[in-house]
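In case it helps, our numbering puts the sequence shown at residues 148 to 958. Where a beta carbon is used, it is the ideal one built from N, C-alpha and C, also for glycine. Since we're looking at a predicted model, the values are computed, not measured. Written out below as structure tokens is the structure these notes cover.
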Amino acid sequence: MLRTFGEWRGREERGVVEDLRFWGIVLMDLVRSLPREWASEPRAWIRQGDPDGSAYRPPYAAAVLAGLAVFALYVVTLAPTVAFWDAGEYITVAHLLGIPHPPGSPFFVLLARAWEVLLAPTGLSTAVRINLFSAALSAAAHALWFLVVDRALAASTQDRLLRFIGAAAAVVLSATAFTVWNQSNVNEKVYAISFFTTALVSWLVLRWRDTGRSPKTLLLIAFVVALTATNHLMGMLVAPALLLFVLIVDRRVLLRPRLWFAALPLVALALSVQFFLPLRAAQRPLVSEGEPACASVVETVASIYSWGGAGCDALSAVIRREQYGKPSVRLDPTVYPQQQLPRSSSLLASQFINYFQYLDWQWARSVAGGDPLFGGLRPLLTLVFLLLGLLGAWSHWERDRGSAAYLGTLFLTLSLGLVLYLNFRYGYSIAWERFPAGAMHEVRERDYFFLIGFSVWGLWAGMGLTALWQWAADALRARVSWPRLIAAPLLGLALLPLGLNWSWASRAQDYTARDWAYNVLMSVEPYGVLVTNGDNDSFPLWYLQMVEGVRKDVTIVLSPYLSAPWYVKQIRELTKPCPPGVDPAEDPTRILCQRPFEPAELPGPLVEAGWTRSVQPPRDSILPLSDEEIDRIASTYVVAQEPMALRAGEVETRIEAGTALLAADTFAAVMLRASLGERPIHFMPGSPIVRTLGLFGHTVRQGITWKIRNGPLHTVARDGVMPLPESALSSVAGAAIDLPLTDTLVWEVYLRRGRILDPEAPWVDAATTNIVMQYVSTHYAAAQGHALRDEEEAVEPHMRRARWWTSVAGD
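This is the structure in structure tokens:
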């Protein structure tokens, strides 16, 4: 067992269990070694203003009303369907009992599925039910925050009106902070559970202090913290604040062996939720990222209870999130893994600027909303709420130093502590002048990681506003009859974020992601294959196929996953012909075989275009490889030493010497050789695989996708396919366009409705404007095609629509 820092630091490979064991020993030694007289004075100082809470009666009814009010706000602004980014993935896995990206979040999957079933009698869609799950948890967290703030105010006043107004102001400012609100009205992440358990634990530990300091309450807290770890480690970040608070209130409780022995089985029970991952993976669900199946129970137990430090490799890799290959907090993530340079002061400064950028969004996001970095008057409004938060923190300290120390530690852990730990690359919207390479930046804004910290600051801002109101009323008391009423307009500041964030935080009537998924799927012929560019353009497709059951015959291939052996094997099995007697509809949540085409799903214009004629199920998988071949290819990285030819169907392309072929490129080549001619093969425009394999000269734009033509392109228009001349748009337009089919798709098939039709509605997430630009490039390519045919009357509608889509993106 490691006893010294030198021994611990010297270990090259330290698992989570090893780290926890070492620091646990350090903590216990520290607690034992503190002389009573050393510990008593600081604790007595911190506990000043900490009254006996035994007579305190929590206002549970008022807290429930506060939670319902927040829930109502989130329902009014709720997303009516799937959203971009991870929403499609999480809604899908909740519905299927699938396994999302690491760490797998089994607690979320089980809880969200139970919620979906519970709300089934309402007739609401699955997407709305899961979005309500996020809204309900966030609202419940705010009901608990109401109790936390009321308890803090009760430390110095018995005035229930003052306490209720203060708690209400705190809840309003927390619930309407931009990131809190925008992440609560859609289930885009799993942090709603972490948010709720953080608020729950905060309330429980205050009750532990007030009600006799029963070890049973601490045991319940230990169980909740361990349980939330099976959702996401975000929920465990409450631990430093908990530890400090317990040390302040009664450090001796940590020296009771019976408490630790009683906690062990409870923690083990909570962590047993992780058994869902290998059990479900063994059943081959449609979504099983990382496929954490294990060969034996012993391996499974070792992985779960060592937190990925031993046991089953696949399960351990998911638990430890190895898929992401994050560098140490000491290294520079912008050049990792090519170089292992130390984290620079310049990068660290940029990371803190990025955090304060997100903090600046919280109270007035619509003010200079198009400027993401301290735009317009927004920083002045932010300064108001920062000052209110500081005033609230100070008044909290004066009232109840124990809970103030707890909340302060929680805030620091979930804000500045996270900045240090997460070690992000340069922010999505900052430092492009100095670092123009896209790989050095985050692929999207990451404000959601700081959601709980922003919420806590909102609580303090509400307490500060209450203190300001109380002081103003006291100053007016000698001159007016109703001082509190006269000073009440000050409380209106609490409503400022509600008004200034609404247009940006609301997701009401936002069908853009669902319509994108529909439009993409309807661009692909029966039994077609579509290779996508990333998560964001793929997860809505998963949702539409696996939850709503639309166009399940189309095989979606995520190019970022195409180098992972587990994913390639899943695609192989998903596209195999069905053996006699096997019907994938018998269990639509599992991978069985090729899912059939349903002609009734096609809209009329595509039926008229002949898409239902002579449709036959494919005779083979798109990746007819053995497990051994897949494993071998997945581990290879090839640089072409000389020009190479790729022959697939009637296509022959040239791969230039010096081209680096990743495993994903090789698997795509195998897919083309096996399936081109039997299945339509599509890529999302801009796919790097197309360029690497020399396929660009065979790309035909078909709506918002590129279809690989099985044969050479003709130099003149034939069968509606028109070659496009080289231009600045060629890289996104394609080498040719199927003009009649594209016109049919964009004017008669594609959906365009809801929020985006409102010219005043902002496009909130700049990182998703690439989706919008796919529509823009489609219309520009169609306009170019019509211009080449001298069809001027058809050019202008496409140009007009392209300009409209550009305006939607705010460009």
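Neighbour flag for residue i against chain B, beta carbons, 9 Å
| i | result |
| --- | --- |
| E748 | Among the chains of the structure shown, chain B does not appear; only one protein chain is present. |
Alpha-carbon to alpha-carbon, residue j and residue i
| i | j | result |
| --- | --- | --- |
| G455 | V715 | 24 Å |
| G609 | V514 | 21 Å |
| V275 | G235 | 12 Å |
| W292 | L284 | 12 Å |
| R593 | L705 | 22 Å |
| A409 | L394 | 19 Å |
| I368 | V318 | 23 Å |
| D518 | R525 | 10 Å |
| S874 | T813 | 29 Å |
| D890 | G932 | 11 Å |
| E943 | L886 | 15 Å |
| V333 | A226 | 6 Å |
| S878 | L353 | 60 Å |
| V222 | V893 | 32 Å |
| R947 | S924 | 12 Å |
| A965 | Y207 | Residue 965 lies beyond the residue range present for the chain, which begins at 148 and ends at 958; the question has no answer from this structure. |
| R779 | A811 | 12 Å |
| N501 | A635 | 35 Å |
| R742 | T722 | 8 Å |
| R156 | S453 | In this prediction, R156 has a pLDDT of 48, which is less than 50 and means its spatial position is unreliable; what the coordinates show is noted afterwards. Distance between the alpha carbons of R156 and S453: 19 Å. |
| V676 | S822 | 9 Å |
| E160 | Y573 | Low confidence applies here, because E160 scores a pLDDT of 48, under 50, leaving its location unreliable and the question unanswered by this model. |
| L638 | T560 | 29 Å |
| F503 | L520 | 9 Å |
| T960 | D912 | One cannot answer for residue 960 here, as it falls past the ends of the chain, which runs 148 to 958. |
| V445 | G751 | 56 Å |
| R431 | V264 | 22 Å |
| E940 | A934 | 9 Å |
| P765 | V697 | 19 Å |
| G270 | P870 | 49 Å |
8 Å contact criterion, which residue i and residue j should meet: CB distance rounded
| i | j | result |
| --- | --- | --- |
| H379 | P250 | 7 Å |
| A930 | H945 | 4 Å |
| F218 | A261 | So it is not a contact: roughly 18 Å between Cβ atoms. |
| Y690 | A664 | 7 Å |
| A241 | V256 | 6 Å |
| L406 | V400 | 6 Å |
| F280 | A259 | 5 Å |
| T377 | V348 | Actually they are not in contact, since the Cβ atoms of T377 and V348 sit about 15 Å apart, beyond 8 Å. |
| G858 | V798 | 7 Å |
| L244 | R356 | The pair is not a contact, with the Cβ atoms about 40 Å apart (cut-off 8 Å). |
| T375 | I340 | 6 Å |
| F370 | L413 | 4 Å |
Beta bridge counterpart(s) of residue i as assigned by DSSP
| i | result |
| --- | --- |
| V285 | In the sequence under discussion, the amino acid at residue 285 is Ser, which differs from the Val named in the question. According to DSSP, S285 bridges with nothing at all. |
| Y573 | H588 |
| K854 | H829 and V847 |
| A442 | BP columns for A442 are empty, so no partner. |
| V798 | A795 |
| I703 | L677 |
| M946 | Beta-bridge pairing links M946 to no other residue. |
| S493 | None, per the DSSP bridge assignment. |
Which full runs of the alpha helix (DSSP H) of 4+ residues lie inside the region 298-351, going along the chain? 307-322 and 325-331
Would the region 694-704 and the region 672-680 be scored as touching if the rule is three or more Cβ pairs under 8 Å? yes
Contact between the region 786-793 and the region 804-822: three or more CB pairs below 8 Å? Yes: the two stretches touch, three or more of their Cβ pairs being nearer than 8 Å.
Return the chain-ordered ranges of every beta strand (DSSP E) run that is complete within the region 881-909 and spans a minimum of 3 residues. 883-885
Unbroken alpha helix (DSSP H) runs of length 4 or more, entirely within the region 741-778: which are they? 751-755
Meets three-Cβ-pair contact criterion under 8 Å: the region 838-846 and the region 879-890: yes
Evaluate the contact criterion for the region 649-666 versus the region 900-911: three or more CB pairs, one atom per stretch, below 8 Å. yes
Can you list the alpha helix (DSSP H) stretches of 4 or more residues lying completely in the region 657-685, in chain order? Within the region 657-685, complete alpha helix (DSSP H) segments of at least 4 residues are found at 659-668, given in chain order.
Assess, as a yes-or-no matter, whether the region 504-513 is touched by the region 524-537 under the definition of 3 or more beta carbon pairs within less than 8 Å. When Cβ pairs closer than 8 Å are counted between the two stretches, the region 524-537 is seen to touch the region 504-513, the count reaching three or more.
Within 8 Å, do at least three Cβ pairs link the region 600-608 to the region 567-576? no
Between the region 356-374 and the region 301-311, do three or more beta carbon pairs fall short of 8 Å? Remark: fewer than three beta-carbon pairs, one from each stretch, lie closer than 8 Å, so the region 356-374 and the region 301-311 are not flagged as touching.
At a cut of 8 Å, does the region 824-836 reach the region 853-870 through at least three beta carbon pairs? yes
Contact the region 637-647 vs the region 322-330: 3+ CB pairs below 8 Å: Cβ pair count under 8 Å is three or more, so yes.
Should the region 535-553 be called in touch with the region 622-636, which here means at least 3 C-beta pairs below 8 Å? no
At a cut of 8 Å, does the region 460-472 reach the region 432-441 through at least three beta carbon pairs? yes
Can you check the region 518-556 for any alpha helix (DSSP H) of at least 4 residues that lies completely inside it and give the ranges in chain order? Counting only runs of 4 or more, we get 525-546.
Could you pull out every unbroken alpha helix (DSSP H) segment of at least 4 residues lying fully inside the region 575-634, listed in chain order? 598-623 and 630-634
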